[in-house]
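Note that the UniProt record's numbering gives residue 4 to position 4 of the sequence shown, counting from 1, and the numbers run on in steps of one.
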Amino acid sequence: MANDGIELFVGLIESIDTPGAVDACRRLLSVDERARAERFMFERHRRQYIFAHAMLRLALSHVAPNVAPSDWSFSTGRYGRPFVAAPATSTALHFSLSHADGCVACVVSRHEAVGVDVETVSRRVAPLSTALRFFAPEEVETLRGLPEPDAIQRFFDYWTLKEAYLKARGFGLNLPLDGFAMQVSQKAIEISFKPDIADDPHGWCFSLSSPSPSHRLAIADGSRAAGGLPISRHAWPLQEAAE
Numbered sequence: 001m002a003n004d005g006i007e008l009f010v011g012l013i014e015s016i017d018t019p020g021a022v023d024a025c026r027r028l029l030s031v032d033e034r035a036r037a038e039r040f041m042f043e044r045h046r047r048q049y050i051f052a053h054a055m056l057r058l059a060l061s062h063v064a065p066n067v068a069p070s071d072w073s074f075s076t077g078r079y080g081r082p083f084v085a086a087p088a089t090s091t092a093l094h095f096s097l098s099h100a101d102g103c104v105a106c107v108v109s110r111h112e113a114v115g116v117d118v119e120t121v122s123r124r125v126a127p128l129s130t131a132l133r134f135f136a137p138e139e140v141e142t143l144r145g146l147p148e149p150d151a152i153q154r155f156f157d158y159w160t161l162k163e164a165y166l167k168a169r170g171f172g173l174n175l176p177l178d179g180f181a182m183q184v185s186q187k188a189i190e191i192s193f194k195p196d197i198a199d200d201p202h203g204w205c206f207s208l209s210s211p212s213p214s215h216r217l218a219i220a221d222g223s224r225a226a227g228g229l230p231i232s233r234h235a236w237p238l239q240e241a242a243e
């Protein structure tokens, strides 16, 4: 990796699903990944899975160009977090992968504590009722004080930030969503923890963006780098997939 940062790749399905694209991407996948793709009941979910996992392989090869996209293999850790099993690279690479209806995203970094989450923004969501079940009391109170359009937007801010943090920690849902709270303002995004969660809020940086009007994306950076790691944004590497 040329720079010590975070490489972010994002693809919108409506833009990348061109003739022949899904077949080109399927050829990059392992036998197990192809088998898993075929188990999806709906074609749109199958294509989304194929694009997401091809994107991951292309992103890793963008960072480590001496490795062909089809040559990467993966395994999972204690809590189900995937990691690069082979081949070995001069510097260990870590990644996080996410996909929602219509969008795929991944990040690659030399730092393990990095996570990404993308969600489809739905105006049909009931932010308060969902927040009461899953979120910290401070977040619920913030949502109560916002008019509905703003509450829906803030709900998805919280949701993606929380999921990105969980992915960066590698705990999955083994850490409850109400065990930590996000504070979002125009100046900063911060995190706080219940006393029983051993983590330092000052060790985290977060970012939010909207790949499209229908999607919200969050990155959690636990590298402890001053000011956070620089984020390099890349478009969907379709040309590489087609070659």
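Ideal placement from N, C-alpha and C gives every residue a C-beta, glycine not left out.
Contact set for residue i: own chain, Cβ-Cβ below 6 Å, skip 5 residues either direction
i: Arg-44; result: none
i: Leu-161; result: Met-182, Phe-206 and Ala-218
i: Phe-74; result: Pro-82 and Ala-85
i: Asp-17; result: none
i: Asp-150; result: none
i: Phe-134; result: Leu-177
i: Arg-46; result: Ala-37 and Phe-40
i: Tyr-165; result: Ala-220
i: Glu-112; result: His-94
i: Asp-117; result: Ser-98, Thr-160, Glu-163, Ala-164 and Ala-218
i: Ser-192; result: Ala-181 and Pro-201
i: Ser-129; result: none
i: Ala-59; result: Phe-9, Cys-106 and Val-108
i: Trp-72; result: Arg-57 and Leu-60
Residue(s) in a DSSP beta bridge with residue i
i: Cys-25; result: According to DSSP, which records beta bridges pairwise, Cys-25 is partnered with nothing at all.
i: Leu-97; result: Cys-106
i: His-234; result: Phe-9
i: Arg-216; result: Glu-119
i: Asp-32; result: In DSSP, Asp-32 forms no bridge with anything.
i: Val-114; result: Asp-221
i: Ser-209; result: Leu-217
Under 9 Å between C-beta atoms of residue i and residue j
i: Ser-96; j: Gly-115; result: yes
i: Pro-127; j: Phe-155; result: yes
i: Ser-214; j: Val-121; result: yes
i: Ser-223; j: Ser-109; result: yes
i: Arg-216; j: Trp-159; result: yes
i: Leu-12; j: Arg-57; result: no
i: Glu-139; j: Ala-131; result: yes
i: Ser-15; j: Trp-236; result: yes
i: Arg-169; j: Asp-199; result: yes
i: Gly-102; j: Ser-210; result: no
7 Å CB neighbourhood of residue i in its chain, flanking five on each side removed
i: Gly-52; result: The displayed chain sequence assigns Ala, not Gly, to residue 52. Leu-97, His-99 and Val-104, listed in sequence order.
i: Ser-25; result: Correcting the residue type first, residue 25 is Cys in the shown sequence and not Ser. So the list reads Ile-50, Phe-51, Ala-54 and Ala-241, once near-sequence residues are dropped.
i: residue 309; result: Nothing in the structure corresponds to residue 309, since the chain is present only between 1 and 243.
i: Ala-64; result: Thr-89 and Leu-93
i: Gly-228; result: Cys-205 and Asp-221
i: Val-184; result: Arg-154 and Asp-157
Cβ neighbours of residue i in the same chain (closer than 8 Å, five flanking residues each side left out)
i: Ile-197; result: Leu-175, Gly-179 and Phe-180
i: Arg-36; result: Tyr-49
i: Arg-27; result: Ser-70
i: Gly-77; result: Phe-83 and Gly-170
i: Ala-34; result: Note that residue 34 is Arg in the sequence shown, not Ala. Arg-26.
i: Lys-167; result: Arg-81, Ser-96, Ser-98, Gly-115, Val-116, Asp-117 and Ala-220
Minimum Cβ-Cβ distance from residue i to chain D less than 9 Å
i: Ala-235; result: No chain D appears in this structure, which consists of one protein chain only.
Complete beta strand (DSSP E) runs within the stretch 38-95 (minimum length 3 residues, chain order) | 73-76 and 82-86
Enumerate, from N- to C-terminal direction, the unbroken alpha helix (DSSP H) stretches of 4 or more residues contained entirely within the stretch 128-204.
-> 137-144 and 148-169
Can you find at least 3 beta carbon pairs, one from the stretch 87-103 and one from the stretch 179-197, that sit closer than 8 Å?
-> no
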